[in-house]
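Chemist:
There are 2 protein chains.
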Amino acid sequence: MSDAAVRQNAHPRKPATNTRTPVGGAPTSPHSAVEAHEARIDVDAVTDLLLGTWRETRREAREMIKDPAFWRIEGQPMPEHRERVLGQLRLLVENNGSRRAFPTEYGGLDDNGANLAGFMELVLADPSLQIKSGVQWGLFGSAIYQLGTKKHHDAWLRDVIELDLPGAFAMTETGHGSDVAAIGTTATYDPETEEFVIHTPFRGAWKDYLGNAALHGRAATVFAQLITNGVNYGVHCFFVPLRDDDGAFLPGVGGEDDGVKGGLNGIDNGRLHFDHVRIPRFNLLNRYGDVASDGTYSSEIPSPGRRFFTMLGALVQGRVSLDGAATTGTALALHIAVTYANQRRQFDSGAGSDEVVLLDYGKHQRRLLPRLAQNYAQFFSNDELLRTFDGVFSGRQDTPAERENLETLAAALKPLSTWNALETIQEAREACGGSGFLAENRLVGLHQDLDVYVTFEGDNNILLQLVGKRLLADFAKQFRGADAAKLASFAARQTVGKVFHGAGLRQFGQSVADLGSTARSVELGLRAEQQHELLAGRVEQMISDIAGRLRPAAKASPAEAAELFNANQAELIEAARAHGELLQWEAFSDGIAGVDDEGTAQVLTWLRDLFGLHLIEKHLAWYLINGRLSSQRAAAVSKYIDRLCLRLRPHAQDLVDAYGFAPEHVRAPIASGAEHERQAEARAYYADLAASGEAPASEKSLKKK
Amino acid sequence: MSDAAVRQNAHPRKPATNTRTPVGGAPTSPHSAVEAHEARIDVDAVTDLLLGTWRETRREAREMIKDPAFWRIEGQPMPEHRERVLGQLRLLVENNGSRRAFPTEYGGLDDNGANLAGFMELVLADPSLQIKSGVQWGLFGSAIYQLGTKKHHDAWLRDVIELDLPGAFAMTETGHGSDVAAIGTTATYDPETEEFVIHTPFRGAWKDYLGNAALHGRAATVFAQLITNGVNYGVHCFFVPLRDDDGAFLPGVGGEDDGVKGGLNGIDNGRLHFDHVRIPRFNLLNRYGDVASDGTYSSEIPSPGRRFFTMLGALVQGRVSLDGAATTGTALALHIAVTYANQRRQFDSGAGSDEVVLLDYGKHQRRLLPRLAQNYAQFFSNDELLRTFDGVFSGRQDTPAERENLETLAAALKPLSTWNALETIQEAREACGGSGFLAENRLVGLHQDLDVYVTFEGDNNILLQLVGKRLLADFAKQFRGADAAKLASFAARQTVGKVFHGAGLRQFGQSVADLGSTARSVELGLRAEQQHELLAGRVEQMISDIAGRLRPAAKASPAEAAELFNANQAELIEAARAHGELLQWEAFSDGIAGVDDEGTAQVLTWLRDLFGLHLIEKHLAWYLINGRLSSQRAAAVSKYIDRLCLRLRPHAQDLVDAYGFAPEHVRAPIASGAEHERQAEARAYYADLAASGEAPASEKSLKKK
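Chains as they are written, first to last, in the UniProt record's numbering: chain A, 1 to 705; chain B, 1 to 705.
#1: Can you name the residues of chain B whose CB is closer than 8 Å to the CB of Q569 (chain A)?
#2: I want to see whether chain A comes within less than 9 Å of L702 (chain B), judged by CB atoms only; does it?
#3: Is L122 (chain B) a contact residue of the ligand MG, with contact defined as CB to any heavy atom under 8 Å?
#4: Answer yes or no: does any C-beta atom of chain A fall closer than 9 Å to that of H579 (chain B)?
#5: Would you decide whether H276 (chain B) is buried or exposed? Buried here means 16 or more other CB atoms lie within 10 Å of its CB.
#6: Taking the Cβ atom as the reference point for each residue, do G458 (chain A) and K414 (chain A) lie within a distance shorter than 9 Å?
#7: In whole angstroms, give me the CA-to-CA distance for G234 (chain B) and P696 (chain A).
#8: Hey, out of B:L264, B:T47, B:H152, whose CA is closest to V85 (chain B)'s CA?
#9: Using 8 Å for Cβ pairs, my map puts E375 (chain A) next to G324 (chain A). What's the rounded Cβ distance?
#10: Buried or exposed for residue 715 (chain B), please, with buried defined as at least 16 other CB atoms from any protein chain shown within 10 angstroms of its CB.
#11: For residue 770 (chain B), name the three-state secondary structure that DSSP assigns.
#12: Helix or strand or just coil, what does DSSP make of F249 (chain B)?
#13: DSSP three-state call for D688 (chain B): helix, strand or coil?
#14: List the residues of chain A that T172 (chain B) touches, going by C-beta distances under 8 Å, in chain order.
#15: For A333 (chain A) versus L446 (chain A), is the C-beta spacing smaller than 9 Å?
#16: Once the 5 residues before and after D290 (chain A) are set aside, which same chain residues still bring their CB inside 8 Å of it?
#17: How would you call D354 (chain B), buried or exposed, if buried means at least 16 neighbouring beta carbons within 10 angstroms?
#18: Please identify the residue among B:N461, B:G255, B:V231 whose C-alpha is closest to the C-alpha of L242 (chain B).
#19: Would you mind working out which of B:L615, B:Q346, B:R643 sits nearest H676 (chain B), comparing C-alpha positions?
#20: Among B:G118, B:Q397, B:T172, B:V603, which has the Cα closest to the Cα of E63 (chain B)?
#21: What does the alpha-carbon distance come out to for the pair V499 (chain B) and A341 (chain B)?
#22: In chain A, which residues lie with their C-beta within 9 Å of the C-beta of D642 (chain B)?
#23: Let me make sure I understand the geometry here. Which of B:L322, B:T330, B:E574, B:S557 has the alpha-carbon closest to that of H619 (chain B)?
#24: Could you tell me which chain B residues have their CB closer than 9 Å to the CB of Q679 (chain A), listed as they occur along the chain?
#25: Go ahead and pull the three-state DSSP assignment for P166 (chain A).
#26: Find the residues of chain B that neighbour A439 (chain A), judging by a C-beta separation of less than 7 Å, and give them in chain order.
#27: Taking the alpha-carbon of H614 (chain B) as reference, which of B:W156, B:G217, B:T193, B:R367 has the nearest alpha-carbon?
#28: So S133 (chain A) and L315 (chain A) are supposed to be a Cβ contact under 8 Å. How far apart are they, rounded?
#29: Just the Cα atoms here: how many angstroms apart are I616 (chain B) and Y189 (chain A)?
#30: Excluding the 5 residues flanking R403 (chain B) on each side, which residues of the same chain have their C-beta closer than 7 Å to its C-beta?
#31: Is DSSP giving A697 (chain A) helix, strand or coil here?
#32: Along the chain, where does the beta strand (DSSP E) that runs through N461 (chain A) open and close?
#33: Going straight from the alpha carbon of D688 (chain B) to that of E681 (chain B), what length do you get?
#34: In terms of residue numbering, what span does the beta strand (DSSP E) encompassing Y233 (chain B) cover?
#35: For a test of the three-state rule: what should DSSP assign to L702 (chain B), helix, strand or coil?
#36: Could you work out which residues of chain B lie near R366 (chain A), taking near to mean beta carbons separated by less than 9 Å?
Below you can see the structure in the form of structure tokens.
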């Protein structure tokens with residue numbers, strides 16, 4: 001994209017649509033709030049709201065990546081792209097982008113929430129940059145910091161931060177991704193030499209898909225089964241040097257390049273294997289489990305299961321940041337598609353001489369506006385997740401319960417936002433037609449890069465299953481030792497749609513105090529309270545139904561129990577998804593509860609309503625089957641949505657401008673105002689031609705004569 | 001992929017899953033029909049069934065593309081990829097792949113159905129090859145053949161077929177894609193020199209996204225507004241030379257490279273513009289409209305609208321072939337994902353010592369098997385489309401009504417199959433986890449290349465809208481001049497779920513004579529008749545409802561009418577989609593009606609039922625709201641689907657083997673048997689370790705002591 005094109009970008013703050021010539025009779029609602037003579041949102045204030053708690057850090061990051069050196073070059077061949085992204089990591093170091101998560105004594109800034117907030121924005125420059133820096137500092141560095149102890153920090157953290165020690169995070173194996181506990185790599189302690197022997201016993205135990213493994217990693221944090229004195233103490237993490245100063249593998253270490261991927265080709269993913277590689281005992285990252293020189297194992301967490309999950313939980317930040325990056329990437333796609341849809345014209349309406357702007361089509365509104373509402377919800381829920389994360393990792397609220405909540409929240413939100421990203425980016429690309437398929441317009445690249453977000457750092461379905469199990473466990477807790485009266489009382493409550501306060505995540509009725517200014521809701525039959533009741537009631541009943549169906553498992557054989565669980569797996573995942581949707585809806589409602597500006601509050605309430613109704617429409621069959629909506633009310637949901645789309649249509653440009661992207665972040669020529677110029681030129685041409693009296697007559701008009 | 005890997009490919013005919021060690025108690029159903037002790041499908045016979053009417057041509061094409069010269073090289077930079085695909089086109093010529101659609105007098109083979117059938121298979125080699133050859137012979141060559149007359153055929157067809165004259169098809173402009181009638185390029189006749197002047201009056205009128213335009217095209221078939229004697233006779237097609245023998249643009253011609261795209265980067269898409277470029281009168285492709293030397297226009301089709309649609313209709317083959325290619329591409333993705341899911345293991349079930357094969361998970365079955373059923377339906381409906389196409393283009397059944405039916409059928413099926421392709425390929429990629437993201441496993445490349453299929457050759461939503469309008473028109477025809485009694489009688493019929501015989505496509509009750517062996521249906525409450533009634537009744541009622549809501553438009557102002565239509569646009573598109581789904585279901589039912597082999601008929605009937613119920617589940621809310629299913633029956637639909645998935649699970653490998661792909665077509669290492677070998681190696685390792693007595697004890701087992 002040329003500099004000129006960047007300068008031509010008319011947004012934010014001056015929607016080109018304001019300059020449109022109104023066409024009498026075209027099936028158009030107003031294109032802007034000004035035309036609609038309505039209160040409009042305070043765009044800058046909404047930007048603040050969306051950027052959330054760490055808005056200043058985000059703005060810093062966005063300012064930094066205005067430098068074209070950070071931008072993805074479309075179509076760049078893989079080898080050059082990899083080198084470019086490595087260079088961008090060095091630039092990040094220079095700009096202090098690598099320091100925020102780490103302690104000040106090693107050159108860090110000790111600010112966890114800000115770290116992730118800034119990191120998420122890198123997706124706007126190049127998702128490869130976001131993920132490669134995530135590998136270096138969020139995974140490799142974080143493993144050393146979170147799973148290691150002071151001696152390890154002293155030894156390596158400064159070099160990690162400065163990128164003098166690039167590293168890989170070697171957890172996943174070819175044979176085991178989601179089931180980390182079952183990995184095959186072994187780390188066997190040899191008391192004679194006080195060394196661990198890192199070994200790959202078979203092909204499936206090769207470490208795989210690791211960023212920094214193919215080329216740049218000098219070391220890796222390797223997860224392996226810790227075996228000492230003939231006992232396997234489960235998965236632990238070890239610091240293992242990989243390459244010498246010339247980049248050649250050290251003795252016993254080998255590997256392969258993963259080659260071209262569906263996206264993120266700025267990252268050198270690869271495979272690693274180890275043939276009895278010896279590392280000093282020192283290199284066991286021993287915060288949660290240690291081995292004495294004689295081989296005696298010790299841990300302050302006696303339960304092997306809890307120890308394992310504590311170690312994994314220390315690395316939750318990957319999921320938190322993916323939730324945010326997916327949300328930001330989705331916003332970029334919506335900004336591009338809505339801006340284009342506000343300028344692009346196609347087909348006359350049959351009612352006037354002019355062609356219709358895409359966003360005036362009922363179908364086009366339906367394609368984009370509910371997704372815009374969803375994306376707004378994600379901004380609010382991600383900020384909540386980020387605050388929870390910061391509370392735990394700053395130590396301010398670091399309790400086991402809060403850690404567990406954080407992990408569940410991340411496991412519920414990351415799947416939803418990453419799937420939404422793919423669906424929304426795809427819809428945006430299709431809504432831009434052929435121009436959406438050109439790499440220069442960014443949408444295809446975003447889809448390709450974000451594709452893997454739905455299966456890495458925890459496969460989305462597996463994460464939701466974890467959330468579902470947590471919901472089931474919380475549900476069961478309520479009835480531990482319950483007598484018949486209590487169960488009956490619960491059954492009664494169920495029918496009125498109250499929510500069991502499950503999953504320890506949020507005391508629903510409490511924190512959603514206001515439910516987002518009911519008074520401002522469109523005059524629907526489904527105001528905020530009803531939306532909440534429907535969304536929350538669904539989670540409750542699904543979990544309660546599944547729990548009921550699983551009850552026989554308690555007295556069944558393990559095989560029968562497994563079969564019973566398997567028969568309910570798909571629905572449990574659906575219940576977890578419903579839970580995540582509820583959390584997003586609540587976060588959205590909380591987020592707008594404090595808004596004072598009347599226009600902003602009004603429009604955001606409509607948008608929240610659109611999100612709520614969109615969710616209810618998606619699950620309409622469930623509400624009908626379960627008697628929670630009558631056929632009549634259910635039939636009205638889609639009509640409400642159509643009305644909300646019409647209401648929001650004039651505010652669409654304001655709402656995507658409120659993402660606060662500068663031209664250097666957008667970079668897509670179709671969202672630069674160029675389309676508007678082309679339309680204007682074409683219309684001027686036809687107007688001049690008509691005025692000249694030299695326009696050819698149309699055959700049709702002749703035939704009429 | 002190495003030759004060795006290709007050789008290792010165990011499929012089709014020897015599912016690796018047959019070698020599995022059964023695990024007592026794991027939540028597994030049998031992995032193969034052999035294990036299930038059930039009748040199984042006759043795989044070869046089903047391959048014949050799927051390959052359809054032109055199965056021999058398809059087999060020839062598949063044999064040809066076993067040559068690695070035709071294969072896509074993952075990650076190949078764009079310039080090399082473009083050259084490679086051009087070379088593949090030359091190979092196609094050598095293999096007679098370019099001749100089938102053209103008359104024998106120019107070296108053709110005069111076999112339209114076979115031409116498209118063979119062409120569709122190229123997607124297995126490289127979708128860029130499929131589309132670039134489609135540009136050359138299906139669009140550029142076809143425009144000359146279908147829109148030109150003998151003098152044009154004599155002049156150019158032989159060179160087109162031999163690729164001595166590579167060309168572009170210059171219809172779409174930057175400013176107008178779907179609305180072809182509104183393109184800006186002009187062709188103004190100059191009687192003094194007997195030339196047309198081809199001109200691009202403004203930037204939006206540049207031709208855009210044209211394959212062969214950036215590099216290889218020597219000429220183009222350019223669509224432009226034909227203006228003569230001061231009258232615009234609408235869009236016609238002209239043969240315009242572009243480049244000289246050295247590849248330089250001729251005077252007045254200019255252009256740009258479209259650059260990198262989301263996929264299909266083996267094709268040199270580009271833009272063209274014309275500055276008063278003069279071409280001889282000869283170059284007007286004058287089959288449907290001609291200009292005499294004095295500038296007098298003549299046409300055998302007096303209506304400008306009908307003439308325009310006749311010209312566009314002559315090019316329908318693009319949509320027909322995309323429907324088939326999308327179906328074949330989807331099949332490849334399912335073959336890869338199902339084969340992998342039958343070998344890959346992850347997590348133990350808690351019930352046995354072994355890990356569970358992915359396809360044994362309830363959720364995994366739900367993700368893949370309904371899509372397999374859908375893909376089967378598409379094979380059958382595509383063959384029907386192909387037969388209709390061949391009937392028209394061979395001249396055997398070339399009536400205006402049949403042409404219209406063909407166009408509507410293509411417009412209904414192409415959107416469904418191309419969207420299904422993207423969704424299924426994406427689900428397949430996610431179902432393969434990280435390995436699905438590696439380019440070598442093909443899924444990401446397929447998604448990238450097929451992405452644009454949903455918006456080119458007619459944007460999917462626009463095509464469905466056309467179908468919807470056709471359904472509305474047919475509906476209206478039934479009541480033209482109807483009196484109150486007739487309307488009342490229709491209303492009565494509606495409630496019993498009978499179908500109006502709309503869209504002239506298929507006399508539903510007639511051609512679906514058997515409804516696919518009801519006796520073989522699973523004992524459901526929703527047998528074939530009910531499925532058909534529900535699917536057909538939905539189309540009927542949606543159209544009838546929309547027609548009712550649009551009725552006031554007849555008496556409204558154009559603006560009000562446009563607004564009313566716009567308010568119903570999204571639902572009209574939904575109705576058209578429902579119509580397409582019905583056609584697919586009927587084609588599937590027809591396709592299996594003649595199957596004699598008991599096992600094949602049984603399994604395919606289950607699969608057809610799964611397809612039908614999957615559609616009904618998707619639209620369950622509609623059935624409930626409209627009183628067509630009770631809550632109780634609706635709740636049962638999902639359970640039926642779960643049961644069908646369990647029934648079909650042992651047949652899944654047979655069903656994807658029946659696609660008939662050879663290792664040279666699949667090429668994905670994860671579907672080669674490599675995963676099975678890795679699993680076997682790992683299990684052997686642990687078995688040997690246990691047998692050796694040297695296996696470390698697990699910490700957990702120690703704690704129990």
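Even for Gly, the Cβ is constructed at its ideal location relative to N, Cα and C.
Only a predicted model underlies this, so the values are computations on that prediction, with no experimental measurement involved.
Modeler: Put simply:
#1: Stepping through the first sequence from its first residue, residue 569 (chain A) is reached at position 569. Ordered by position in chain B, the residues that pass the 8 Å Cβ test against Q569 (chain A) are Y361, G362, K363.
#2: Counting from one through the second sequence, the residue named residue 702 (chain B) turns up at place 702. Yes - at least one Cβ of chain A is within 9 Å of the one on L702 (chain B).
#3: Annotation note on the ligand MG: not contained in the displayed structure, which lists no ligands.
#4: As a working note, residue 579 (chain B) is residue 579 in the second sequence. H579 (chain B) does not count as touching chain A.
#5: Taking the second sequence and counting its residues from 1, one reaches residue 276 (chain B) at position 276. Of the other Cβ atoms in all chains shown, fewer than 16 fall within 10 Å of the Cβ of H276 (chain B); this residue is therefore exposed.
#6: Locating residue 458 (chain A) in the first sequence gives position 458, counting from the first residue. Locating residue 414 (chain A) in the first sequence gives position 414, counting from the first residue. Against a cut-off of 9 Å, the Cβ pair of K414 (chain A) and G458 (chain A) comes out as a contact.
#7: To locate residue 234 (chain B), count along the second sequence from 1; it is residue 234. To locate residue 696 (chain A), count along the first sequence from 1; it is residue 696. G234 (chain B) and P696 (chain A): Cα-Cα distance of roughly 11 Å.
#8: Locating residue 85 (chain B) in the second sequence gives position 85, where the first residue counts as 1. Nearest option by C-alpha distance: B:L264.
#9: For the purposes of this step, residue 375 (chain A) is taken as the residue at position 375 of the first sequence. For the purposes of this step, residue 324 (chain A) is taken as the residue at position 324 of the first sequence. In the sequence under discussion, the amino acid at residue 375 (chain A) is Asn, which differs from the Glu named in the question. Incorrect: roughly 12 Å between the Cβ atoms, too far for contact.
#10: The question about residue 715 (chain B) has no answer, for chain B in this structure spans 1 to 705.
#11: Because residue 770 (chain B) is not part of the residues shown, which for chain B are 1 to 705, the question remains open.
#12: Indexing the second sequence from 1 puts residue 249 (chain B) at position 249. Reduced to three states, the DSSP call for F249 (chain B) is strand.
#13: For the purposes of this step, residue 688 (chain B) is identified with residue 688 of the second sequence, where counting begins at 1. In the three-state reduction of the DSSP assignment, D688 (chain B) falls in the helix class.
#14: Taking the first residue of the second sequence as 1, we reach residue 172 (chain B) at position 172. In chain order: G434.
#15: The residue labelled residue 333 (chain A) in the question sits at position 333 within the first sequence. The residue labelled residue 446 (chain A) in the question sits at position 446 within the first sequence. Yes, Cβ-Cβ distance for A333 (chain A) and L446 (chain A) is below 9 Å.
#16: On the first sequence, residue 290 (chain A) is found 290 positions in, with the first residue counted as 1. Closer than 8 Å at the Cβ level, and outside the excluded window around D290 (chain A), lie L284, Y297, S298, S299.
#17: Along the second sequence, one-based indexing puts residue 354 (chain B) at 354. Buried, by the Cβ-count rule.
#18: As a first step, residue 242 (chain B) is located in the second sequence; it is residue number 242 there, counting from the start. It is B:G255 whose Cα lies nearest to the Cα of L242 (chain B).
#19: Walking along the second sequence from the start, residue 676 (chain B) turns up at place 676. Considering only B:L615, B:Q346, B:R643, the residue with the shortest C-alpha distance to H676 (chain B) is B:Q346.
#20: Reading the second sequence from its first residue, position 63 is the one you call residue 63 (chain B). Answer by Cα proximity: B:G118.
#21: Along the second sequence, one-based indexing puts residue 499 (chain B) at 499. Along the second sequence, one-based indexing puts residue 341 (chain B) at 341. Confidence is the limiting factor: at V499 (chain B) the pLDDT is only 40, short of 50, which leaves the residue's position unreliable, though a coordinate-based value still follows. Looking at the two C-alpha atoms, the distance is approximately 40 Å.
#22: In the second sequence, the residue the question calls residue 642 (chain B) occupies position 642. From the beta-carbon of D642 (chain B), the residues of chain A found nearer than 9 Å are A567, A570.
#23: On the second sequence, residue 619 (chain B) is found 619 positions in, with the first residue counted as 1. With respect to the C-alpha of H619 (chain B), the residue from B:L322, B:T330, B:E574, B:S557 having the closest C-alpha is B:E574.
#24: In the first sequence, counting from the first residue as 1, residue 679 (chain A) sits at position 679. Per Cβ cutoff of 9 Å: G175, G204.
#25: Here residue 166 (chain A) corresponds to residue number 166 of the first sequence, with the count starting at 1. If DSSP states are grouped into helix, strand and coil, P166 (chain A) belongs with coil.
#26: Numbered from its first residue, the first sequence carries residue 439 (chain A) at position 439. G259, V260, K261, G262, listed in chain order.
#27: Within the second sequence, residue 614 (chain B) is the residue found at index 614, counting from 1. Out of B:W156, B:G217, B:T193, B:R367, B:R367 has the C-alpha closest to the C-alpha of H614 (chain B).
#28: Within the first sequence, numbered from 1, the residue matching residue 133 (chain A) stands at position 133. Within the first sequence, numbered from 1, the residue matching residue 315 (chain A) stands at position 315. In this structure S133 (chain A) does not touch L315 (chain A) by the C-beta definition: roughly 15 Å separates them, more than the 8 Å allowed.
#29: Within the second sequence, numbered from 1, the residue matching residue 616 (chain B) stands at position 616. Within the first sequence, numbered from 1, the residue matching residue 189 (chain A) stands at position 189. Between I616 (chain B) and Y189 (chain A), the alpha-carbon positions lie close to 59 Å from each other.
#30: For the purposes of this step, residue 403 (chain B) is taken as the residue at position 403 of the second sequence. So the qualifying residues of the chain are G313, V392.
#31: Translated into the one-based positions of the first sequence, residue 697 (chain A) becomes position 697. Under the three-state reduction of DSSP, A697 (chain A) is assigned to strand.
#32: Start at 1 with the first residue of the first sequence, and residue 461 (chain A) comes out as number 461. Secondary structure note for N461 (chain A): it is in no beta strand (DSSP E), and the uninterrupted alpha helix (DSSP H) holding it is 460-478.
#33: Locating residue 688 (chain B) in the second sequence gives position 688, counting from the first residue. Locating residue 681 (chain B) in the second sequence gives position 681, counting from the first residue. The straight-line gap from Cα to Cα measures roughly 10 Å.
#34: For the purposes of this step, residue 233 (chain B) is taken as the residue at position 233 of the second sequence. It spans 231-241 - the beta strand (DSSP E) in which Y233 (chain B) sits, taken as one unbroken run.
#35: Within the second sequence, numbered from 1, the residue matching residue 702 (chain B) stands at position 702. Residue state, collapsed to three classes: helix.
#36: If you number the first sequence from 1, residue 366 (chain A) lands on position 366. What R366 (chain A) touches in chain B: Q569, A570.
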